[in-house]
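*Asks:* Following this message is one structure expressed as structure tokens.
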Amino acid sequence: MKLHKSARAGLLGLAALIWGTAFVAQSMGMDHLGPCAFNGARSFVGAMALLPVIAVGDRLRRHAAPEEAVAASWKNPALLLGGLLCGLFLGAASLLQQAGLQSTTAGKAGFLTSLYIVFVPVLGLFLGHRGGKKLWLAVALALGGAYLLSVAGGLEDGGDIGRGDGLVLASAALFSFHILVIDRFSPRVDGVKLSCLQFFVAGLVSTLLALTLEGGFCWEDLLASWGPLLYTGILSSGVGYTLQIVGQRGLDPAAASLILSLESVFAAVSGWLVLGQPLSLREMAGCALVFAGVVLAQLPEPKTQKE
């Protein structure tokens, strides 16, 4: 089914809202579970939530064109490879982000995660895409904002200097790889199946790490975290990342990235309203610089006239 660009933009905006508010649920979810266990559980919940959607989609696609049926098949090699790569990058990025939330606020984590929108064009340089002065100015603004938001705060407090913020920054880099993989595979596969498969891979990796590094988990801990798990599993994972895959297809990458960057705003607001985590003036200045860098990185390069 083809969607108008405005509809795809709306899907990405909804994904940004879901992801931004999910930082609160992620923080609350670790009251009883470790980062690996929580991430594994939410990934499996997200995958299971998409199975009925896939079943309905396959039923509606019974009379589809042969090429569309092949692209949507579970036997499509592109789907299997894309699901594996997306799952590995998503699982690693989510684990680092979840671990970082143990020692940073939801609002700061949201803004630092939004740095993936700057990392994507930077990584593009290694793929042969040249970056102009605007790109490097955007990187400088975002890094300056990240310093005010995390490192400077650690220096003031005299404690662990931005350990959690560093983990979230590392997760942002991995999320940028996740975006690049989606851009490569989503046009050739069924978006919902790609999303479902990536959650199974991410859930399996996270569960194995939970058994190895965290000593496993029990049903009592899972039941105690049922609210955050359902929210992050069904909405943030199952719905949010599926909206990203479907919404990115056919939409201008710059516009899509700019819309997704709104998750940082929603994260800060929800962290303040729900968790009582207000930002200081220094942190708000850092947020402003990060957001300015994110926006600047997505603006088109000015056209130069040939003399």
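According to my numbering, the residues represented by the sequence shown are 1 to 307, in order.
Where is the CB? At the ideal position from N, CA and C, for every residue including glycine.
All of these numbers come straight from a predicted model, not from anything done at the bench.
Here's a check: name, in chain order, each residue in its chain whose Cβ is nearer than 6 Å to the Cβ of Gly240, leaving out the five neighbours to either side.
*Replies:* Result list for Gly240: Ala15, Ile18, Trp19, in chain order.
*Asks:* Going by the beta-carbon positions, is the gap between Leu235 and Ala22 smaller than 9 Å?
*Replies:* For Leu235 and Ala22, yes; Cβs fall inside 9 Å.
*Asks:* On a Cα-Cα basis, can you pick out the residue from Ala47, Gln198, Ser270 that is closest to Gly82?
*Replies:* That would be Gln198, whose Cα lies nearest to the Cα of Gly82.
*Asks:* Tell me the rounded alpha-carbon separation between Ser27 and Gln102.
*Replies:* Approximately 7 Å between the Cα atoms of the pair.
*Asks:* Below 8 Å on the Cβ atoms is my guess for Pro228 versus Gly29; work out the distance and round it to an integer in Å.
*Replies:* Correct: roughly 3 Å between the Cβ atoms.
*Asks:* Please say whether Ala268 and His32 have beta carbons closer to each other than 9 Å?
*Replies:* No, Cβ-Cβ distance for His32 and Ala268 is not below 9 Å.
*Asks:* Pick from Gly87, Gly34, Gly191, Asn39: whose alpha carbon is nearest that of Leu230?
*Replies:* Selected option, being the one with the closest Cα: Asn39.
*Asks:* With Leu213 and Cys36 assumed to form a contact (beta carbons below 8 Å), what rounded beta-carbon distance in angstroms separates them?
*Replies:* Confirmed, Cβ separation roughly 6 Å.
*Asks:* I'd like the list of long-range same chain contacts for Val201, defined as Cβ closer than 7 Å, with 5 residues on each side in sequence excluded.
*Replies:* Correct list, in chain order: Gly83, Leu84, Gly87, Leu88, Gly91.
*Asks:* Taking 9 Å as the threshold (C-beta atoms), are Leu194 and Phe185 in contact?
*Replies:* Against a cut-off of 9 Å, the Cβ pair of Leu194 and Phe185 comes out as a contact.
*Asks:* Are there 16 or more other CB atoms within 10 angstroms of the CB of Ala7, so buried, or fewer, so exposed?
*Replies:* It counts as exposed.
*Asks:* Rounded to whole angstroms, what is the Cα-Cα separation between Val139 and Ala292?
*Replies:* If you take the alpha carbons of Val139 and Ala292, they lie about 10 Å apart.
*Asks:* Taking the alpha carbon of Ser264 as the reference point, which residue from Gly46, Ala72, Val168, Arg62 has its own alpha carbon closest?
*Replies:* Nearest option by C-alpha distance: Val168.
*Asks:* Measuring straight from C-alpha to C-alpha, what distance separates Asp157 and Ser171?
*Replies:* Since pLDDT at Asp157 reaches only 49, below the 50 mark, its modelled position is unreliable, and no value is offered.
*Asks:* Can you tell me which of Val118, Ala49, Gln98 puts its alpha carbon nearest to the alpha carbon of Leu135?
*Replies:* Looking at the Cα atoms, Val118 is the closest of the given residues.
*Asks:* Which residue's Cα is closest to the Cα of Asp183: Met284, Val120, Val56?
*Replies:* Taking only the C-alpha atoms, the option nearest Asp183 is Val120.
*Asks:* How far does the alpha helix (DSSP H) with Gly276 in it reach, from first residue to last?
*Replies:* Per DSSP, Gly276 belongs to no alpha helix (DSSP H) and is neither H nor E.
*Asks:* Contact check, Ile179 vs Tyr116 under 8 Å by CB: the rounded distance?
*Replies:* So it is a contact: roughly 7 Å between Cβ atoms.
*Asks:* Please say whether Leu51 and Cys218 have beta carbons closer to each other than 9 Å?
*Replies:* Taking 9 Å as the Cβ cut-off, Cys218 and Leu51 do not qualify as a contacting pair.
*Asks:* Kindly list the residues whose CB is nearer than 6 Å to the CB of Gln244, restricted to its own chain and excluding five residues on each side of it in sequence; keep chain order.
*Replies:* If we look at Gln244 and ignore the five residues flanking it on each side, its Cβ neighbours are Ala15.
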